[in-house]
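Remarks on the structure that follows.
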Amino acid sequence: MKIGVIGLGHVGAHVVSAIVQKNLASELYLYDLNEKKLIAEINDLEQASLLEDTNPRFIKANLEDLLYCDIVINTASKRIISGDRLKELEGTKEIIYSLFKNFNKDNFKGIIINISNPCDIISYLIHKITGIESKRIIGTGTLLDSIRFKAVLSKKLNVSPKDIYALVVGEHGESQVNAYSNCNVYGINLEKYLEINNIEFNRNEIKSLVSQAGWDIFSVKGATEYGIGSVTAYLIDCIKNDKRISIPYSHSYIYNGKIIYISTPALLGEEGYIVDSPLVLSEVENQAFMNSCMLISGIIEELNA
Ligand SMILES: NC(=O)c1ccc[n+]([C@@H]2O[C@H](COP(=O)([O-])OP(=O)(O)OC[C@H]3O[C@@H](n4cnc5c(N)ncnc54)[C@H](O)[C@@H]3O)[C@@H](O)[C@H]2O)c1
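Residue numbers (the numbering used here): 343 to 647.
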């Protein structure tokens, strides 16, 4: 499989490393505006790959090469300085126009996975700019948040993360929603599990632990990279192997009669986004999810895209 990665910063380099470790690509087409950094990253990654069972070809790509890739991953962004993902939009939207203006549904047959923040809005913008059908453009969305939620629950309940199903829906950002109604421990609904075991549970504390998890890492090391690397490799695996399993990620969604991008659990396979899987939210969760849709929809309208 030919995989292209745009932006070889903290995230892009870790995405490539995860792809190599999971043997997902035969050829890696790597592109960054900063050519010196790109060459250094390619050399480092290529040398690291020599001890793996696989040895994909590393290619310093131009934008045209990316049109022939099966999957293109976007991580290009203006350097992040604040703790608010939405603030990245102003600087990153111009970058996105310049990168994707020559992609269209006739010259690109692959799938685009967007990581750059604000993830839902940028994924939508790529769809709008390219005109490529929305099922072939997805964002990593709340898959990372769902994993963070699982990690928080695992520590709180002292249960292996493997025995927990935890779901975050909505924006990959502040308005995200912990979908408690869909969570389970050992297959038992989380609420029921807490009740049976008499466990005190402060949802506000859990919410801030989950939504702050990224910033706790970012504020110390200036990036989050390993988690998003694994998440992206997982999405690629679902596409490459047509897994059609239900996972939360950002995809097109009709809100108030218009397309937005937001995360709900959905099947993912070789054609990209397939269909939403069933999601039952409590009234409060549903209201919070609608608020998240409204926020994203409002920003898209302001963009006039
Ligand atoms: N969706 C998620 O869950 C998630 C998680 C972590 C980070 N992110 C986002 O990923 C993005 C990248 O983060 P990072 O830490 O790697 O940032 P970074 O600054 O380390 O890397 C960004 C890279 O993009 C490159 N770039 C900028 N403009 C470009 C252009 N026009 N063409 C090609 N390359 C260009 C830069 O040279 C740089 O190497 C940010 O938007 C960040 O918020 C998202």
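In this text, a Cβ means the ideal position worked out from N, Cα and C, and glycines have one as well.
> For isoleucine 415, does the count of other Cβ atoms within 10 angstroms reach 16, so buried, or fall short, so exposed?
Replying inline: buried
>> Across the stretch 429–437 and the stretch 385–397, are there enough close Cβ pairs to call them in contact, namely three or more that are closer than 8 Å?
In response: no
>> Pop quiz: valine 501 and valine 511 are said to be a contact at Cβ under 8 Å. What is the actual Cβ separation, rounded to whole angstroms?
In response: Between valine 501 and valine 511 a beta carbon distance of about 22 Å is seen, past the 8 Å cut, so the two are scored as non-contacting.
> Would you say valine 372 and lysine 420 are within 8 Å of each other, going by their C-beta atoms?
Replying inline: Note that residue 372 corresponds to leucine in the displayed sequence, not to valine. In this structure, lysine 420 does not lie closer than 8 Å to leucine 372 by Cβ.
>> Applying the 10 Å Cβ sphere with the 16-neighbour rule, what's the burial state of proline 620?
In response: By the neighbour-count rule (16 or more Cβ atoms within 10 Å), proline 620 is not buried but exposed.
>> Buried or exposed for threonine 472, going by 16 or more other Cβ atoms inside 10 Å?
In response: Around the Cβ of threonine 472, a 10 Å sphere holds 16 or more other Cβ atoms; the residue is buried.
> When the Cα of leucine 370 is compared with those of Lys378, Gly354, Asn376 and Lys379, which residue comes out closest?
Replying inline: Gly354
>> Whole angstroms are fine: how far does the CA of aspartate 395 sit from the CA of phenylalanine 631?
In response: Their Cα atoms are separated by approximately 43 Å.
>> Closer than 7 Å to a non-hydrogen atom of ligand 1 - does that hold for the CB of leucine 409?
In response: Answer for leucine 409: no, Cβ out of range of ligand 1.
> Could you give the C-beta distance for aspartate 374 and glycine 349, rounded to a whole number, given that I count them as a contact under 8 Å?
Replying inline: 6 Å
> Sorted by chain position, which residues of the same chain lie with C-beta nearer than 6 Å to arginine 490's C-beta, five sequence neighbours on each side aside?
Replying inline: Cβ neighbours of arginine 490 beyond the five flanking positions: Val552 and Ala555.
> CB-CB under 7 Å to threonine 574, same chain, minus the five flanking residues each way: which ones, in chain order?
Replying inline: The beta carbon of threonine 574 sits closer than 7 Å to the beta carbons of Val357, Ala360, Ile415, Ile455, Ile457 and Thr482 from its chain, once the five residues preceding and following it are set aside; these are given in chain order.
>> Measuring only from the beta carbon, is histidine 593 closer than 7 Å to any heavy atom that is part of ligand 1?
In response: The nearest non-hydrogen atom of ligand 1 is 7 Å or more from the C-beta of histidine 593.
>> Considering only DSSP beta bridges, list what glycine 614 is partnered with.
In response: Gly611
> Roughly how many angstroms lie between the CA atoms of histidine 593 and phenylalanine 543, to the nearest whole one?
Replying inline: 31 Å
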